[in-house]
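Residue numbers (our numbering), protein chains in the order written: chain A, 61 to 362; chain B, 61 to 362.
Just so it is clear, CB atoms sit at the ideal spot from N, CA and C, and this is done for glycine as well.
Fair warning: this is a prediction, and the values are worked out from it, not measured in the lab.
Worksheet: the structure to be examined is printed underneath.
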């Protein structure tokens, strides 16, 4: 049986939220359509945050409605609080992800709540009726924080365990690109011992170039769900020089060349990349594999 | 006991040989001095190829003489044939590395010899008196070739075994950045079974962004010697879009953050990077870690 992984494209949320340019709504739709056509089965399309705070996310409701018309696609939206969750439910998102920072300083700066208050906020949301809607608790700054520095591993395990009580799945996020492969294996392993199969995704950033190495480490530790961002979009306002999320194109290439199926066709992914470039002119778009091209005689995973 | 790895900086050879600009001899010396001061204990400083073919390497004799004045530094030079080896011996290199391509097409295009003829050329060199000089056989295009496509693994194993008969050590090189982590583990493991401890270095390129993931895979397979290039210099004339060798700064950061000692001080390495940038103005210089800076509270391996 061929090994396989599931990749969630977070570019339309994590990427556009941090981009220097605004992508028009119609261009977002074109990009998302092309991503789905390349084989992406899950896309985080936006964030229900106050439009005044993040104008790039003002059209998230419309984007969710559009993305739901694409057959077979799981449409994910981020919500930072109860109000965002209510908007996500109204818009009809299939899955809502909540960022819960393991760093006290980052949590207070980001959502004006302590980690404990944010856990309670997510609990409140989970207690609302939400038929058919999946809830993900994403432990952010799980591997370190630009404000706090080191984040105790015990805090990460404790928050993940609390979220697993009422979330359908839990992700661990290296929000600022501090993680290293040894740490990835250690923390994923510890959290898995606590919450088992509820531990799903690794959300990795490539800030110090370790994105793929960390993804490999997570894969070797048993992780099969990965977030990534086309063109390496994304980043963190607190990490100058950050180069964003792990790059979807390179992540797909790594797994496919290892014989691990992603369900994504690289040539079609490169086409989706063109729609991203067209929709966001002037924005730096990364990606080693599309720049270099596929190896001669390359075969995707069978 | 803390784990450790040995890193050989190949930028002054693999990097400058492929750079768009010429680095003046004095700037090379300044750079090499700064690299050694950062803790690099082995530097591939140049290549004894015909100066008409590669003008950037015309001063290799002088650079070898200079580098030998740095206490504790192993000075490596590349030689493509007997003539190059004789020049390396005259210059007094401590170690000479021979590229032996596993791809028939690449070998013929690169050194105008078949792999078998090149093995015989290296054998002839090894039979010359070379007191105290280490000979490395580097199996290039060991993971694929832009001209030939797939390179049979049996060819790699056979060439490595032949070289191990008369070389002090053998390296496997992903010359064009085709390797993936699964392949790295498989081929290093196969070659190690044939030649044991004579298998030393992994020479990896970052063409498709997998450089660090491949280095991690090699490390996990037991490899403790790595080639890398400051600023990700290097590349291959046959791989358009290639972004060169695995980046020294990021490789050192990855290992140190994992708790694996490199003997290299990152802050001093960043200073060496400045001398590279000054010596090669206008050249694209890569490196996620120096761009983003070290994580808050970062501790190197103890």
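Short Cβ contact (8 Å threshold) for residue i with residue j
| i | j | result |
| --- | --- | --- |
| residue 137 of chain B | residue 158 of chain B | no |
| residue 250 of chain A | residue 213 of chain A | yes |
| residue 55 of chain A | residue 273 of chain B | It is not possible to answer for residue 55 of chain A, since the shown part of chain A is limited to 61 through 362. |
| residue 312 of chain A | residue 324 of chain A | yes |
| residue 124 of chain B | residue 106 of chain B | yes |
| residue 79 of chain B | residue 343 of chain B | yes |
| residue 87 of chain A | residue 121 of chain A | no |
| residue 289 of chain A | residue 304 of chain A | yes |
| residue 257 of chain B | residue 294 of chain B | no |
| residue 322 of chain A | residue 315 of chain A | yes |
| residue 68 of chain B | residue 103 of chain B | yes |
| residue 193 of chain B | residue 160 of chain B | no |
| residue 347 of chain A | residue 292 of chain A | yes |
| residue 162 of chain B | residue 109 of chain B | no |
| residue 349 of chain B | residue 90 of chain B | no |
| residue 287 of chain A | residue 135 of chain A | no |
| residue 357 of chain A | residue 209 of chain B | yes |
| residue 310 of chain A | residue 269 of chain B | yes |
| residue 199 of chain A | residue 171 of chain A | no |
| residue 281 of chain B | residue 244 of chain B | yes |
| residue 308 of chain A | residue 329 of chain A | yes |
| residue 114 of chain A | residue 77 of chain A | yes |
DSSP three-state assignment for residue i, whether helix, strand or coil
| i | result |
| --- | --- |
| residue 162 of chain B | coil |
| residue 64 of chain B | strand |
| residue 300 of chain B | Residue placement at residue 300 of chain B cannot be trusted, given a pLDDT of 46 that sits under 50; what the coordinates show is reported in the next sentence. Residue 300 of chain B: coil per DSSP, three-state reduction. |
| residue 155 of chain A | strand |
| residue 74 of chain A | helix |
| residue 371 of chain A | The structure shown does not extend to residue 371 of chain A, since chain A is modelled only from 61 through 362, so no value can be given for it. |
| residue 232 of chain A | strand |
| residue 141 of chain B | coil |
| residue 287 of chain A | strand |
| residue 185 of chain B | helix |
| residue 147 of chain A | helix |
| residue 247 of chain B | helix |
| residue 266 of chain A | coil |
| residue 255 of chain A | helix |
| residue 292 of chain B | helix |
| residue 345 of chain B | coil |
| residue 305 of chain A | strand |
| residue 199 of chain A | strand |
| residue 121 of chain A | helix |
| residue 211 of chain A | coil |
| residue 105 of chain A | strand |
| residue 261 of chain B | strand |
| residue 281 of chain A | coil |
| residue 225 of chain A | coil |
| residue 37 of chain B | Examination of residue 37 of chain B is not possible in this model, given that chain B is present from 61 through 362 alone. |
Contact list for residue i against chain B, beta-carbon separation under 9 Å
| i | result |
| --- | --- |
| residue 307 of chain A | 269 |
| residue 364 of chain A | Only positions 61 to 362 of chain A appear in the structure, and residue 364 of chain A is not among them; the question remains open. |
| residue 286 of chain A | Going along chain B, no residue has its Cβ under 9 Å from residue 286 of chain A, so there is no contact; the nearest lies around 13 Å. |
| residue 237 of chain A | 348, 352 and 355 |
Proximal chain B residues relative to residue i, where beta-carbon distance stays under 7 Å
| i | result |
| --- | --- |
| residue 210 of chain A | 357 |
| residue 204 of chain A | 355 |
Nearest-angstrom beta carbon gap, residue j and residue i [assumed within contact, 8 Å]
| i | j | result |
| --- | --- | --- |
| residue 236 of chain B | residue 220 of chain B | At roughly 18 Å, the Cβ-Cβ gap does not stay under 8 Å, so residue 236 of chain B and residue 220 of chain B are not in contact. |
| residue 276 of chain A | residue 362 of chain B | The Cβ separation is near 25 Å, so there is no contact. |
| residue 202 of chain B | residue 267 of chain A | Incorrect: roughly 31 Å between the Cβ atoms, too far for contact. |
| residue 263 of chain A | residue 239 of chain A | The Cβ separation is near 10 Å, so there is no contact. |
| residue 205 of chain A | residue 165 of chain A | 6 Å |
| residue 142 of chain A | residue 184 of chain A | 6 Å |
| residue 363 of chain B | residue 63 of chain B | Since the first and last residues shown for chain B are 61 and 362, residue 363 of chain B lies out of range. |
| residue 285 of chain A | residue 260 of chain A | 4 Å |
| residue 179 of chain A | residue 223 of chain A | 7 Å |
| residue 169 of chain A | residue 175 of chain A | The Cβ separation is near 12 Å, so there is no contact. |
Chain-ordered chain A contacts of residue i [CB-CB under 8 Å]
| i | result |
| --- | --- |
| residue 310 of chain B | 268, 269 and 270 |
8 Å Cβ cutoff, residue i in contact with chain C
| i | result |
| --- | --- |
| residue 282 of chain A | Here the protein chains are A and B, and chain C is not one of them. |
Closer than 7 Å at the beta carbon, the chain A residues around residue i
| i | result |
| --- | --- |
| residue 318 of chain B | 240, 241 and 242 |
Chain-ordered neighbours of residue i on chain A, where CB pairs are closer than 9 Å
| i | result |
| --- | --- |
| residue 322 of chain B | Ordered by position in chain A, no residue passes the 9 Å Cβ test against residue 322 of chain B, which lies about 13 Å from the chain. |
| residue 75 of chain B | Simply none; closest approach about 17 Å. |
| residue 313 of chain B | 240, 268, 269 and 270 |
- Which residues, taken in chain order from the stretch 260-278 of chain B, show a beta carbon closer than 8 Å to some beta carbon of chain A? Result list: 266, 267, 268, 269, 270, 272, 273, 275, 276 and 277.
- Task: Below 8 Å between beta carbons is the criterion; list the residues of the stretch 341-355 of chain B that meet it against any residue of chain A, in chain order.
- Result: Listed in sequence order: 347, 348, 349, 351, 352, 353 and 355.
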